[in-house]
Amino acid sequence: MITAYLLAAPPPGLKRQPTIIKSLKRQLTQSTQKLSRKGNTLSTLTTDPFNSGDCTSRKSRKPLVVITGASTGLGLATLKKVAKDGGFRIIATCRSSSMARFAKEGIFEDDNIRLRELDVTDGRQRLSLIQECESTFGGLDILINNAGIALRSVAEDASADERMEILNVNYISPMRLIALAIPGMRNRRSGKIINISSAAGIVGMMTVDSKAASSKDTNSPYSGHYYHMERLIRWTMQHSRATPETIASSILATMKARNPSLRIPVTFDAYLLYWFRRFFPRALYHWLMFKLLPSSGNWGLPLRRPRS
Ligand SMILES: NC(=O)c1ccc[n+]([C@@H]2O[C@H](COP(=O)([O-])OP(=O)(O)OC[C@H]3O[C@@H](n4cnc5c(N)ncnc54)[C@H](OP(=O)(O)O)[C@@H]3O)[C@@H](O)[C@H]2O)c1
-3 MITAYLLAAP PPGLKRQPTI IKSLKRQLTQ STQKLSRKGN TLSTLTTDPF
47 NSGDCTSRKS RKPLVVITGA STGLGLATLK KVAKDGGFRI IATCRSSSMA
97 RFAKEGIFED DNIRLRELDV TDGRQRLSLI QECESTFGGL DILINNAGIA
147 LRSVAEDASA DERMEILNVN YISPMRLIAL AIPGMRNRRS GKIINISSAA
197 GIVGMMTVDS KAASSKDTNS PYSGHYYHME RLIRWTMQHS RATPETIASS
247 ILATMKARNP SLRIPVTFDA YLLYWFRRFF PRALYHWLMF KLLPSSGNWG
297 LPLRRPRS
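See the structure below:
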């Protein structure tokens, strides 16, 4: 599931801007020509293609996109897809411990790519990244909040630390990044924020902890639940037609879309749950959901493994 936020297009009053920019451009061109005639050059404006054009016209530069958690999985697939497209400048970020993965994947800094360390939970790194985007690279156009962790566990089995960590990485930190990105986007009257979420974001899921599922603790009241849900999730993953590449294509389409929807389901299960949630009365939906899950009627009883 992708959640895309789009900042509004400029109001009619701002339509005079291009005229101002044209006149500034003309003045800059004239000054450059004068300097060139005197034997001087404006080399600082042209040495770094990633940074070029930021102080003249925003239209002359490629949109700047930040991807979090870009060294593996979906983030990496998105980075490759967007880099191949060639229409964007990308700041690919990941934790310092994962930076070496970029080189292993054949990803290095070039005219369109910068690599930066970002642990999304680190306030100093968040601030420094957004400041660099705004002051050095001409402003952030698209923020893709992809970094995330999964904790598949029933409430009773999750520790307080695990609960805080998942909340911090998946919710609090992306929100803080968004809060830092929005003022610049608001000033420019444009920008997109794309949050990679989960179908569990629209539908409360009875989940599974793979650690507990593989343990032999059949005395746990959740052993049947874990066992069957783990099998169901593994089966769903094996039979899913979605791949990181197909999801990355949807993200790229969202980046390019002029007016994307607020929520964009991108996998079959997300579509199914999205429409299920939307059109089924809540009571019926919860009843059906429980009935359809494997052996749900026996959850809470000692686990009897199927013969196969
Ligand atoms: N795969 C799925 O089936 C699925 C389903 C629903 C939603 N999603 C969501 O899709 C996104 C990508 O998932 P994925 O399958 O590609 O997962 P993944 O392969 O586990 O990648 C997650 C990425 O997040 C990064 N990350 C974790 N904690 C971080 C932190 N504190 N700061 C910065 N980066 C951090 C990881 O970096 P390190 O490599 O340094 O650990 C990794 O690059 C996640 O937000 C996930 O919740 C995935």
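Per the working numbering, the sequence shown starts with residue -3, numbered consecutively. Glycine included, each C-beta is placed from N, C-alpha and C at the ideal position.
If we count the other Cβ atoms within 10 Å of its Cβ and call it buried at 16 or more, is residue i buried or exposed?
| i | result |
| --- | --- |
| W283 | exposed |
| N183 | exposed |
| L297 | exposed |
| Y218 | buried |
| I241 | The sequence shown places Glu at residue 241, not Ile. Exposed. |
| L75 | buried |
| P170 | buried |
| L10 | Residue placement at L10 cannot be trusted, given a pLDDT of 40 that sits under 50; what the coordinates show is reported in the next sentence. L10 should be labelled exposed. |
| T64 | buried |
| F133 | buried |
| A175 | exposed |
| I168 | exposed |
| A253 | exposed |
| A99 | exposed |
| A156 | exposed |
| K287 | exposed |
According to the Cβ coordinates, are residue i and residue j closer than 8 Å?
| i | j | result |
| --- | --- | --- |
| I190 | M251 | yes |
| N108 | G144 | no |
| H221 | W271 | no |
| L114 | L125 | yes |
| L70 | A244 | yes |
| E130 | L139 | no |
| T117 | R97 | no |
| L60 | E101 | no |
| T263 | A238 | yes |
| L289 | Y223 | no |
| N142 | I192 | yes |
Could you name the residues of the same chain whose beta carbon sits closer than 8 Å to that of residue i, not counting the 5 residues immediately before and after it, in chain order?
| i | result |
| --- | --- |
| S206 | Unreliable placement is indicated for S206, whose pLDDT of 45 sits below 50; no coordinate value is reported for it. |
| R172 | G119, R122 |
| N164 | T117 |
| D265 | A195, T232, S236 |
| Q44 | Here residue 44 is Asp; the residue named in the question, Gln, does not match the sequence. Answer for D44: no residue qualifies. |
| E332 | Since the first and last residues shown for the chain are -3 and 304, residue 332 lies out of range. |
Identify, in the order they occur along the chain, each residue of the same chain with its Cβ nearer than 7 Å to the Cβ of residue i, setting aside the five sequence neighbours on each side.
| i | result |
| --- | --- |
| I198 | M(-3), L269, Y270, R273 |
| D81 | L248 |
| S291 | G220, H224 |
| E105 | L111 |
| I162 | I145, L147 |
| A154 | L147 |
| G180 | E130, G135, L136 |
| G35 | Bear in mind that the predicted position of G35 carries a pLDDT of just 45, short of 50, making it too unreliable to give a figure here. |
To which residues of the same chain is residue i closer than 6 Å at the C-beta, ignoring the five residues directly before and after it?
| i | result |
| --- | --- |
| R85 | F46, K58, L60, N108 |
| K77 | A244, L248 |
| V150 | Y218 |
| E158 | L147 |
| G293 | none |
| S246 | V262 |
| L228 | P290 |
| R91 | D115 |
What are the complete alpha helix (DSSP H) segments, minimum 4 residues, inside the stretch 146 to 222?
156 to 163, 169 to 184, 206 to 210
Every unbroken beta strand (DSSP E) within the stretch 75 to 112, with a cutoff of 3 residues, ordered by chain
85 to 90
Report the residue ranges of all alpha helix (DSSP H) runs contained in full by the stretch 264 to 291; include only those spanning at least 4 residues, in chain order.
264 to 275, 278 to 288
As an exercise, report each continuous alpha helix (DSSP H) stretch of at least 4 residues that is fully enclosed by the stretch 243 to 267, in chain order.
none
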